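Asker:
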Amino acid sequence: MYLNSPVTQFESLSSTTEPNPEEPEIEKTPVEVSFKTPSLPPSVGEGAIYLNNRGNSLAQQKSEELQRTLLAHRHDRQLVILQDFPDPDALSCAWAYQLIAQQYDIKSEIIYAGALSHQENIALVRLTNLPIQRWTPQTLKTKDLSCYQGFVLIDNQGTTSQLLSAVQQARIPLVVLIDHHSIQGDLQSEFEDIRPYVRATATIFTQYLQTGLLALDTSINQHVKCATALMHGLRSDTNRLMQAQEEDFMAAAYLSRFYDAQLLNAILQANRSKRVMDVIERSLKNRIVQNNFSIAGVGYLRYEDRDAIPQAADFLVTEENVHTAVVYGIVHDEDEELEIVIGSLRTSKLTLDPDEFIKEAFGQDSAGRFFGGGRTSAGGFEIPMGFLSGSNENSAYAKMKWEVFDAQIKQKLLRLVNPRDNPIQSE
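Here the sequence shown is numbered in my numbering, starting from 127 and rising by one per residue.
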């Protein structure tokens, strides 16, 4: 069954699903919903196809639920909140959501609080004119949040965004939550689609497109660029499709009809900056290797260079006899006088679960929120430094502070890598 187009005034919408043993059980009974809505722009055409992959039943059900949610929020104004340092998966999916929501006269603004520092992310935004805005905590103070009727979380669950607390304090309700990471907390959302077994959130959004929530048209430049962004996000989160599953390949096959291969190649050809190369060099110099784990602290980094950390981890994991690399540093935001310990994990070991490893290593904060998590082959963590942030004018103090945090991070990691050894060696 295809999803009904938003333009169609339908009396009833029914779906019957059969459970698949590989996915969560879905209600078998028919769902009857009645709508009486004015006509909206058409969205279903030749681009709508059946889903013949593992996620058929769930994708269809979730698409219908999302459509009903969007219908209920016609004419609203929403904030789409991404993680502080959004990746291609998050950027592309936020854009896809914005295009889908526009059909229901929903105005959405895509915002993030951190920085775009990875060269491919910068190229993606610049070459596609992806509509994203940076809102720092300072920016929030100048904004009137009362004009927004809801907010949306895509490819994150609020744990990696500085903006979440301010939006919640303004009593803006969470309307949509779509992610492929493990559940990070107890957020209540009107619509929720969390699928940890899916390799990329771009796969989930492509399934929405396949079921007819938006009919991509190659004659529309914005659609071609969004499809290209989704292909980049899918490719990025599946390690160039090498870790893709059937659903991901089916999504890539669908997007191949719409994306611009030359544009994607231009995005992927973006060169690394000298500062990124310096961080990679630092990680090589500082790394310690134990039990096939490579662990490296890279010291202080500017906020805009934060994405050098995952790139350094990507590099270290390619070393012979290394299956897992963890790179971390203290990221300093001069504008906000904020310091955070940020780290990335990359692994090629099939039996190592990055989400479980990071959560066990670093635990939770006082509110019960984990400092990090992960997905297949990759993970990350962010630990606020609180009272110890800033005041680094004295170089001797800054060095001492780094040594303390460096030792603490290593101790927590090596407790899992070498549980029988004492990672702190006294002279």
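Ideal placement from N, C-alpha and C gives every residue a C-beta, glycine not left out. Note that the coordinates shown come from a computational prediction; the quantities given were computed from them, not determined experimentally.
1. What residue ranges within the region 312-365 form continuous alpha helix (DSSP H) runs of no fewer than 4 residues, ordered along the chain?
2. Determine the burial state of Asn391: buried for a count of at least 16 other Cβ atoms within 10 Å of its Cβ, exposed for fewer.
3. With distance defined between alpha-carbon atoms, name the residue in Ile406, Asp386, Gln333 nearest to Glu373.
4. When the Cα of Gln275 is compared with those of Leu196, Glu529, Asp305, Lys527, which residue comes out closest?
5. Taking Ile393 and Leu217 to be in contact with their CB atoms under 8 Å, please state how far apart those CB atoms are, rounded to whole angstroms.
6. Leaving aside the five residues before and after Lys475 along the sequence, list all residues of the same chain whose C-beta is less than 7 Å from its C-beta, in chain order.
7. Suppose the cutoff is 6 Å on Cβ atoms and the five residues either side in sequence are ignored; what does the same chain contact list for Thr285 look like?
8. Could you tell me which of Gly500, Asn282, Thr477 sits nearest to Leu208, measuring between CA atoms?
9. Can you find the residues in the same chain that come closer than 8 Å, C-beta to C-beta, to Pro263, ignoring five residues on each side of it along the sequence?
10. So, under 8 Å CB-CB, Gly499 and His201 are touching, yes? Tell me the CB distance rounded to an integer number of Å.
11. If you draw a straight line from the C-alpha of Arg541 to the C-alpha of Gln534, how long is it?
12. Give the secondary structure of Lys188 by DSSP, where H, G and I count as helix, E and B as strand, and everything else as coil.
13. For Val302, collect the residues of the same chain with a Cβ closer than 6 Å to its Cβ; drop the 5 residues on either side in sequence, then sort them by chain order.
14. Just the C-alpha distance for Ala341 and Tyr323, rounded to the nearest angstrom, thanks.
15. Are the region 367-382 and the region 401-419 touching by the rule of at least three beta carbon pairs closer than 8 Å?
16. With a cut-off of 8 Å on the beta carbons, I'd call Tyr230 and Ile280 a contact; round off their distance for me.
17. Exposed or buried, what is Asp312 when buried is set at 16 or more other beta-carbons lying within 10 Å of its beta-carbon?
18. So, at 8 Å on beta carbons, what are the nonlocal neighbours of Asn247 in its own chain, with the 5 sequence-adjacent residues on each side left out?
19. If distances are taken between C-alpha atoms only, which option among Ala370, Leu471, Ile237 comes closest to Trp261?
20. Going by DSSP in three states, Gln114 sits in which element: helix, strand or coil?
21. Indicate whether Val453 and Ile466 have their beta-carbon atoms separated by less than 7 Å.
22. Name the residue from Phe419, Val405, Asn418 whose alpha carbon lies nearest to the alpha carbon of Glu430.
23. Measure the C-alpha to C-alpha separation of Ala174 and Leu335 and round it to an integer number of angstroms.
24. Do you know whose CA, among Val350, Asn365, His349, lies nearest Ala326's CA?
25. Output the distance between the C-alpha atoms of Leu339 and Asp459, rounded to the nearest integer angstrom.
26. Which one or two residues does DSSP pair with Ala422 in a beta bridge?
27. Assign Arg321 to buried or exposed, taking buried as 16 or more other Cβ atoms, counted over all protein chains shown, within 10 Å of its Cβ.
28. Give me the Cα-Cα distance between Leu300 and Leu266, rounded to the nearest whole angstrom.
29. In terms of residue numbering, what span does the beta strand (DSSP E) encompassing Val467 cover?
30. Going by DSSP, what residues sit across from Ala504 in a beta bridge?
31. Does DSSP put Tyr238 in a helix, a strand or coil?
32. Taking only the alpha-carbon atoms, compute the straight-line gap between Leu205 and Leu389 and give it to the nearest angstrom.
33. Under DSSP, the alpha helix (DSSP H) around Gln537 begins and ends at which residues?
34. Counting only the same chain and skipping the five closest in sequence on each side, list residues whose C-beta sits under 7 Å from that of Ala353.
35. Relative to the C-alpha of Leu250, which residue among Cys219, Pro545, Ala438, Thr337 is closest?
36. Quick one: what's got a C-beta closer than 7 Å to Asp481's C-beta in the same chain, skipping five residues either side?
Answerer: In short:
1. 327-336, 347-363
2. The residue given as residue 391 occupies position 265 in the sequence shown. The residue in question, Asn391, is exposed, as its Cβ has fewer than 16 Cβ neighbours within 10 Å.
3. The residue labelled residue 373 in the question sits at position 247 within the sequence shown. For the residues Ile406, Asp386, Gln333, the minimum Cα distance to Glu373 belongs to Gln333.
4. In the sequence shown, the residue the question calls residue 275 occupies position 149. Nearest C-alpha to Gln275: Leu196.
5. As a first step, residue 393 is located in the sequence shown; it is residue number 267 there, counting from the start. As a first step, residue 217 is located in the sequence shown; it is residue number 91 there, counting from the start. No, Ile393 and Leu217 are not in contact; Cβ-Cβ is about 11 Å, not under 8 Å.
6. For the purposes of this step, residue 475 is identified with residue 349 of the sequence shown, where counting begins at 1. Counting only Cβ-Cβ distances below 7 Å, and skipping sequence neighbours, we find His449, Thr450.
7. Numbered from its first residue, the sequence shown carries residue 285 at position 159. Within the same chain, Thr285 has close Cβ partners Gln310, Arg495.
8. Sequence index remark: in the sequence shown, residue 208 carries index 82 (1-based). The option with the nearest alpha carbon to Leu208 is Asn282.
9. Counting from one through the sequence shown, the residue named residue 263 turns up at place 137. For Pro263, where only same-chain residues beyond five positions count, the Cβ hits under 8 Å are Ala239, Gln288, Leu289, Ala292, Glu462.
10. Taking the sequence shown and counting its residues from 1, one reaches residue 499 at position 373. Taking the sequence shown and counting its residues from 1, one reaches residue 201 at position 75. In fact, because the Cβ distance is near 36 Å, the residues do not count as touching under 8 Å.
11. Translated into the one-based positions of the sequence shown, residue 541 becomes position 415. Translated into the one-based positions of the sequence shown, residue 534 becomes position 408. Answer to the nearest angstrom: the Cα atoms are 11 Å apart.
12. One-based indexing of the sequence shown puts residue 188 at position 62. Here Lys188 sits in helix by DSSP.
13. Here residue 302 refers to the residue found at position 176 when the sequence shown is read from its first residue. Excluding sequence neighbours, Val302 sits near Val278, Phe317.
14. Here residue 341 corresponds to residue number 215 of the sequence shown, with the count starting at 1. Here residue 323 corresponds to residue number 197 of the sequence shown, with the count starting at 1. Using only the alpha carbons, I get a separation of about 26 Å.
15. no
16. The residue labelled residue 230 in the question sits at position 104 within the sequence shown. The residue labelled residue 280 in the question sits at position 154 within the sequence shown. With a Cβ gap of about 17 Å, Tyr230 and Ile280 do not count as contacting.
17. To locate residue 312, count along the sequence shown from 1; it is residue 186. Classification for Asp312: exposed.
18. For the purposes of this step, residue 247 is identified with residue 121 of the sequence shown, where counting begins at 1. Here the set comprises Pro212, Asp213, Pro214, Leu217, Asp433.
19. As a position in the sequence shown, residue 261 is number 135, starting the count at 1. Here the closest residue by C-alpha is Ile237.
20. Because the chain in this structure spans residues 127 to 553, residue 114 falls outside the shown range and cannot be described.
21. Position 327 of the sequence shown, counted from the start, is the residue given in the question as residue 453. Position 340 of the sequence shown, counted from the start, is the residue given in the question as residue 466. For Val453 and Ile466, no; Cβs fall outside 7 Å.
22. Locating residue 430 in the sequence shown gives position 304, where the first residue counts as 1. Per the Cα distances, Val405.
23. One-based indexing of the sequence shown puts residue 174 at position 48. One-based indexing of the sequence shown puts residue 335 at position 209. Residue placement at Ala174 cannot be trusted, given a pLDDT of 40 that sits under 50; the coordinates are not used to answer.
24. Walking along the sequence shown from the start, residue 326 turns up at place 200. Out of Val350, Asn365, His349, Asn365 has the C-alpha closest to the C-alpha of Ala326.
25. As a working mapping, residue 339 is identified with position 213 in the sequence shown. As a working mapping, residue 459 is identified with position 333 in the sequence shown. If I take the Cα positions, the gap works out to 39 Å.
26. Translated into positions along the sequence shown, residue 422 becomes position 296. Per DSSP, Val453.
27. Residue mapping note: residue 321 aligns to position 195 of the sequence shown, counting from 1. It is buried - the Cβ of Arg321 has at least 16 other Cβ atoms within 10 Å.
28. Here the question's residue 300 lines up with position 174 in the sequence shown. Here the question's residue 266 lines up with position 140 in the sequence shown. Taking the straight line from one Cα to the other gives about 18 Å.
29. By 1-based counting over the sequence shown, the position of residue 467 is 341. Element bounds for Val467: 464-473.
30. One-based indexing of the sequence shown puts residue 504 at position 378. Bridge partners of Ala504: Arg472, Arg501.
31. Residue mapping note: residue 238 aligns to position 112 of the sequence shown, counting from 1. Tyr238: strand per DSSP, three-state reduction.
32. Numbered from 1 along the sequence shown, position 79 holds the residue referred to as residue 205. Numbered from 1 along the sequence shown, position 263 holds the residue referred to as residue 389. Rounded to the nearest angstrom, the two C-alpha atoms are 28 Å apart.
33. Walking along the sequence shown from the start, residue 537 turns up at place 411. Where Gln537 is concerned, the enclosing alpha helix (DSSP H) stretches over 521-543.
34. Here residue 353 refers to the residue found at position 227 of the sequence shown. Counting only Cβ-Cβ distances below 7 Å, and skipping sequence neighbours, we find Leu342, Leu381, Phe384, Tyr385.
35. Here residue 250 corresponds to residue number 124 of the sequence shown, with the count starting at 1. Among Cys219, Pro545, Ala438, Thr337, the Cα nearest to that of Leu250 belongs to Cys219.
36. Residue mapping note: residue 481 aligns to position 355 of the sequence shown, counting from 1. For Asp481, where only same-chain residues beyond five positions count, the Cβ hits under 7 Å are Ser308, Gly499, Gly500, Arg501, Gly505.
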